[in-house]
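K.L.:
Residue numbers for the sequence shown, in mature numbering (1 follows the signal peptide of the UniProt record, and there is no 0): -21 to -1, 1 to 251.
Yeah, the Cβ is synthetic: ideal placement off N, Cα and C, and Gly gets one too.
Treat the numbers as computed from the prediction; the structure is a model and nothing was measured.
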Amino acid sequence: MKLNKPLMALALAGLALNAHAHRPWMVPSSTMVEAKDPWVTVDAAVSEGLFDIDHQPLKLDALEITGPDGARVQPENVITGRLRSVFDVKLAKPGTYKAAIVAKSVLASYKVDGEIKRWRGTEEAFAKAIPADAKEVTTTRTLSRMETFFSAASTSEAVFKPTGVGLEFVPVSHPNDMRTGDKATWRFLIDGKPAANLAFSLVPGGVRYRGVLGEIRQSTDAKGEISFALPAPGMYFLSTSWPAPAAAAAGQAPEQPARRLAYSATVEVLPQ
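#1: Alpha carbon to alpha carbon, how far is A208 from P7? Give it in angstroms, no decimals.
#2: Terminal residues of the continuous alpha helix (DSSP H) containing K38?
#3: From G213 to S135, what distance separates their C-alpha atoms?
#4: Under 7 Å Cβ to Cβ from G28, same chain only, skipping five residues before and after it: list those, please.
#5: Enumerate in chain order the residues of its own chain whose CB-to-CB distance from N56 is below 6 Å, with the five nearest sequence positions on each side excluded.
#6: For F105, which residues from the same chain have a beta carbon less than 6 Å from its beta carbon, with the 5 sequence-adjacent residues on both sides left out?
#7: How many angstroms separate the CA atom of G(-8) from the CA atom of Y242?
#8: Counting along the chain, where does the alpha helix (DSSP H) carrying V186 start and finish?
#9: Got a sec? Which residues, its chain only, sit under 6 Å from G49 by beta carbon, not counting five neighbours each side?
#10: Have a look at P224 and D16 and give me their C-alpha separation to the nearest angstrom.
#11: Closer than 8 Å by C-beta to G160: which residues in its own chain qualify, once you throw out the five before and the five after it? Chain order, please.
#12: Whole angstroms are fine: how far does the CA of V65 sit from the CA of D31?
#13: Need the endpoints of the beta strand (DSSP E) that L71 sits in, please.
#14: From L122 to E43, what distance separates their C-alpha atoms?
#15: Grouping DSSP H, G and I as helix and E and B as strand, with all else coil, what is F30?
#16: Specify the secondary structure class of V116 as computed by DSSP and reduced to three states.
#17: Counting only runs that start and end within the stretch 129 to 160, where is the beta strand (DSSP E) found for 3 or more residues in a row?
#18: With distances taken from CA atoms, which of G184, R238, G190, E234 is nearest L217?
#19: Would you tell me roughly how many angstroms separate the C-alpha atoms of V149 and T10, rounded to the nearest one?
Here it is in structure tokens:
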């Protein structure tokens, strides 16, 4: 299978509900900045231990930062090291910013001369990559979205406007204004419509020090929403995917869906 590193890193987002998978993530130095000259530094990596810098850097080719006014913001001082990537964001305007990496890919399986072949790549490359004499061609199209949020001086809502494409997080409770013990309400959408009965995972950082994962699992209601009391303060990894994995028939590989969506984000719960 041909799989380049940027696609590999983002394909892992679809495995986020697996406690043992390598996770890609972005962690800002602060989610709420009060300063005369506000900046945020973001660490970005793929790691086995949640928020530990222990595996490889996250590729930032598809990174997009959106400011409170909807305009694109250019990252500064971008560095990719051996184990992590780092970038700075100048928060020139008050309000909430979003850092996002969105990836689309196609996973294909086909037969040539009776031999099964597999391929993964971009939509643009797909048509040229599959031989003209290929038979029994099946495809799974994946859309992965990874985000984190940070605000300067005050919070705002513009960056949460949904695109209507894929699996999206549209919080009712602002993710930069969540405190321990408060009740938060989150909403998830699939192609702009409520994502009902969607299971998601919330894992607090610091797993290496606790010795246990500490995972919280919840599912949305018919409106695609969930309301729950916020746990202890700290950085959390939120992840979900759709559809739910299909059960495999005895002796057979599980059937692959024609489309797979994934979402992950880093959010912070502040102390009361």
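P.N.:
Judging by the given coordinates:
#1: 23 Å
#2: Segment: none, K38 is in no alpha helix (DSSP H) and carries neither H nor E.
#3: 21 Å
#4: V186, R187
#5: D67
#6: V85
#7: Its pLDDT being 40, under 50, G(-8) is placed unreliably in this model, and the value from its coordinates should be taken loosely. In a straight line, the C-alpha of G(-8) is about 7 Å away from that of Y242.
#8: 186 to 189
#9: For G49, where only same-chain residues beyond five positions count, the Cβ hits under 6 Å are A137.
#10: Cα to Cα, P224 sits roughly 46 Å from D16.
#11: Same-chain partners within the cutoff: A208, L209, Q251.
#12: 14 Å
#13: For clarity, residue 71 is Ala in the given sequence; the question names Leu instead. Per DSSP, A71 belongs to no beta strand (DSSP E) and is neither H nor E.
#14: 16 Å
#15: coil
#16: Strand at V116.
#17: 146 to 148
#18: Nearest option by C-alpha distance: G184.
#19: 17 Å
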